[in-house]
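Those letters in the sequence shown? Residues -23 to -1, 1 to 120, by mature numbering (1 follows the signal peptide of the UniProt record, and there is no 0). Backbone N, C-alpha and C define an ideal beta-carbon position, used for all residues, glycine too.
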Amino acid sequence: MHPLLKLISALLLALLLTPNAQAEQKKQLGNWDVHYIAFNSTFLTPEVARAANLSRNKSNAIINISVLDSQSQQAQQVVISGIARNLLGQQRELTFREIKDGEAIYYIAVMPFRNEEQFRFSLDIRQGNQRQQLNFEQKLYTE
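Here it is as structure tokens:
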């Protein structure tokens, strides 16, 4: 199996294993369907992490964003920046990198966290003149 396909499979598995899996983690923003998830990097197998150049560490979270056109459901190439703020107001800058796999496009950021730390994510998504804000909250667990 292609390493990026393994990554995608692992990310989907992580979605199913998260406490918030009961509710789809998707928001419609303008003409986009934005899918998002944050999960512990240890959910990735060592092979997948290595192939995607990601570090597996129980104190690292992976934030995965994909942006689809609401009508065609085609992946959109965008620029994403943002922050994660914990309940104490401590802020972490998020740096996203693009991963392409065929027609799929994923935006991945990695950040440190403590067990049961709650975060408010605020992401700016841009494509040309179109700009949308994605906000969501999630509690992260070390294992």
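Beta-bridge analysis with DSSP links Val44 to Val11. If you look at Glu80, you'll find it isn't in any alpha helix (DSSP H); DSSP assigns it neither H nor E.
Following the DSSP letters along the chain, one finds Ala61 inside the beta strand (DSSP E) bounded by residues 56 to 63. Under the 8 Å Cβ criterion, the segment 36 to 55 counts as touching the segment 80 to 89, having at least three qualifying pairs. Counting only residues of its own chain and dropping the five nearest sequence neighbours on each side, Lys3 has a CB closer than 8 Å to the CB of Asp10, Val11, His12, Tyr13. In its chain, beyond the 5 residues on either side, Lys4, Leu6, Val11, Tyr13, Leu100, Ile102 have a beta carbon closer than 7 Å to the beta carbon of Leu111. Leaving aside the five residues that flank Pro89 on each side, the residues in its chain whose CB is nearer than 7 Å to its CB run, in chain order, Ser36, Asn37.
The continuous alpha helix (DSSP H) containing Glu24 extends over residues 23 to 28.
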